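Enquirer: Residues in the sequence shown are numbered consecutively from 966, following the working numbering.
Input: one structure, supplied below.
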Amino acid sequence: MLEKLQIIQQRFDEVSDLIIQPDIIADQKRYIQLNKEYKDLTVLVEKAKSYKNLLSNLKEAEQLLKNEKDAEMLAMAKLEIEEAKEKLPNLEEEIKFLLIPKDPEDAKNVVIEIRAGTGGDEASIFAGDLYRMYTKYCQSNKWSVSLVDASEGTAGGFKEVIFEVSGEDVYGTMKYESGVHRVQRVPQTETQGRVHTSAATVMVLPEAEEFDVEIDINEVRIDFFCSSGPGGQSVNTTYSAVRLTHEPTGIVAQCQDQKSQHKNKEKALKVLRSRLYELELSKKLASDAEKRNSLVSSGDRSAKIRTYNYPQGRVTDHRIGLTLYDLPNVINGDIQKLIDELQLHQNTEKLKEAGEVL
């Protein structure tokens, strides 16, 4: 492991030198990439420093134990050896996880799309519940949330809602939420108290930078229309809402949240870019999944991933067989426990794969 940490230190020194070079600063794409790498390497280099110090202290204490005669010094040396041996395994484990190559997508912001599935009005209400759950979770992480487009349900909630989330390592945290979410409860519209099953689909797309996806604007059809509210009534009479159609793929993105036509076009372009980027990413994930057989990020966006059962007050994540009897808190945005377990599962799988290398 020390050899590997030495290579990391050399790369850290190299990146530290590169990010202050004028030609690198002028190349925005390269500069952003190197800055992200520098940030990741800093964490690893700090851990490596602690690890080396601990090994050095252990060696000194063991040497002292062999040569020292003073009882007090011997007791101190024994204590230091015990402490070092207790800390080393955990630190080694942390470093092993940090040595696993990071997914370059993880640092990206995201565009999240929630769509009501089977279940009529109840599915729309549930899509609204998921939107509220994610909004609260994002706020607790001090991430900023910005609505892009929404189509409201007739009995509340949303038929579809699209929003952006910006912050630190958003995609790395939120990517596990993609898939079909199922709810089992007595709908507000049900008069006889029967439990119904409804569903909503969540898509978490890494936000593509301009240099990630180049869009030829000549291949995009741009339509302007009046913004509409619940029930389809016109909110304003100006053609501020924007719909973009990427003709080679047929992918459509629209935005009517802003009053400015220019701002709506900007947001719609961001969504279109992310959808095109996600299309390529899905192919890559599907290809990786065939090699890895990973349950968590298989690239399958139609898989049922989680059930929210109201009568039993439980939430079950089907990918890792985790059940929490904490539904009220989860639906109020406390989803960290679920995300932690999914990340742990993913990291453990990666660690097994990388075991031979490490």
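Backbone N, C-alpha and C fix where the C-beta goes; we use that ideal spot for every residue, glycine too.
Model, not experiment: these values are computed from the prediction.
1. Beta-carbon within less than 6 Å of residue 1029's beta-carbon, same chain only, minus the 5 sequence neighbours each way: which residues are those?
2. So if DSSP puts residue 1220 in a beta bridge, which residue, or which two residues, is it bridged to?
3. Classify residue 1195: buried if its beta carbon has 16 or more other beta carbons within 10 angstroms, exposed otherwise.
4. Go ahead and label residue 1187 buried or exposed: buried means 16 or more other beta carbons lie within 10 angstroms of its beta carbon, across all protein chains shown.
5. Relative to the alpha-carbon of residue 1065, which residue among 1075, 1296 and 973 has its alpha-carbon at the smallest distance?
6. Are residue 1237 and residue 1209 touching if we call contact CB-CB under 8 Å?
7. Specify, as a first and last residue, the run of the beta strand (DSSP E) that residue 1114 falls within.
8. Jot down the residue ranges of each uninterrupted beta strand (DSSP E) in the stretch 992-1057, minimum 3 residues, whole runs only, in chain order.
9. For residue 1120, which of helix, strand or coil comes out of DSSP?
10. Is the Cβ-Cβ distance between residue 1003 and residue 984 less than 8 Å?
11. Exposed or buried, what is residue 1198 when buried is set at 16 or more other beta-carbons lying within 10 Å of its beta-carbon?
12. With a Cβ-Cβ cutoff of 8 Å, do residue 1077 and residue 1123 count as a contact?
13. Can you tell me whether residue 1095 is helix, strand or coil according to DSSP?
14. Using DSSP with H/G/I as helix, E/B as strand and the rest coil, what is residue 1285?
15. Could you check where the beta strand (DSSP E) with residue 1273 kicks off and where it finishes?
16. CA-CA distance, residue 1067 and residue 1011?
17. Compute the beta-carbon to beta-carbon distance between residue 1147 and residue 1160, rounded to the nearest angstrom, for a pair I have assumed lies under 8 Å.
18. Is the beta carbon of residue 1063 less than 8 Å from the beta carbon of residue 1009?
Expert: This is what the structure holds:
1. In the sequence shown, counting from the first residue as 1, residue 1029 sits at position 64. These residues qualify, in order along the chain: 1042.
2. Along the sequence shown, one-based indexing puts residue 1220 at 255. Answer is 1207.
3. Here residue 1195 refers to the residue found at position 230 when the sequence shown is read from its first residue. Any answer about residue 1195 is weak, because its pLDDT of 48 lies below 50 and its placement is not dependable; what the coordinates show is given next. With fewer than 16 Cβ atoms within 10 Å of its Cβ, residue 1195 is classed as exposed.
4. Numbered from 1 along the sequence shown, position 222 holds the residue referred to as residue 1187. Answer is exposed; the Cβ neighbour count stays below 16.
5. Within the sequence shown, residue 1065 is the residue found at index 100, counting from 1. Minimum Cα distance to residue 1065 is reached at 973.
6. By one-based count along the sequence shown, residue 1237 stands at place 272. By one-based count along the sequence shown, residue 1209 stands at place 244. Yes. Within cutoff.
7. Mapped onto the sequence shown, residue 1114 falls at position 149. First-last of the beta strand (DSSP E) with residue 1114: 1109-1117.
8. none
9. Here residue 1120 refers to the residue found at position 155 when the sequence shown is read from its first residue. Looking at residue 1120 - three-state DSSP - the assignment turns out to be coil, as it is neither helix nor strand.
10. Along the sequence shown, read from residue 1 onward, the residue named residue 1003 stands at position 38. Along the sequence shown, read from residue 1 onward, the residue named residue 984 stands at position 19. Result yes, Cβ atoms of residue 1003 and residue 984 sit closer than 8 Å.
11. Stepping through the sequence shown from its first residue, residue 1198 is reached at position 233. For residue 1198, the predicted structure reports a pLDDT of 46, less than 50, and the residue's modelled location is therefore unreliable. The matter cannot be settled from this model.
12. Working through the sequence shown from its first residue, we reach residue 1077 at position 112. Working through the sequence shown from its first residue, we reach residue 1123 at position 158. It is not a contact, given that the beta carbons lie outside the stated cut-off.
13. Within the sequence shown, the letter at position 130 stands for residue 1095. It is helical.
14. Taking the sequence shown and counting its residues from 1, the one referred to as residue 1285 is at position 320. It is coil, neither helix nor strand.
15. As a first step, residue 1273 must be located in the sequence shown, where it is residue number 308. Per DSSP, residue 1273 belongs to the beta strand (DSSP E) from 1269-1274.
16. In the sequence shown, residue 1067 corresponds to position 102, counting from 1. In the sequence shown, residue 1011 corresponds to position 46, counting from 1. Roughly 17 Å between the two C-alpha positions.
17. Mapped onto the sequence shown, residue 1147 falls at position 182. Mapped onto the sequence shown, residue 1160 falls at position 195. The Cβ separation is near 12 Å, so there is no contact.
18. As a first step, residue 1063 is located in the sequence shown; it is residue number 98 there, counting from the start. As a first step, residue 1009 is located in the sequence shown; it is residue number 44 there, counting from the start. Yes, Cβ-Cβ distance for residue 1063 and residue 1009 is below 8 Å.
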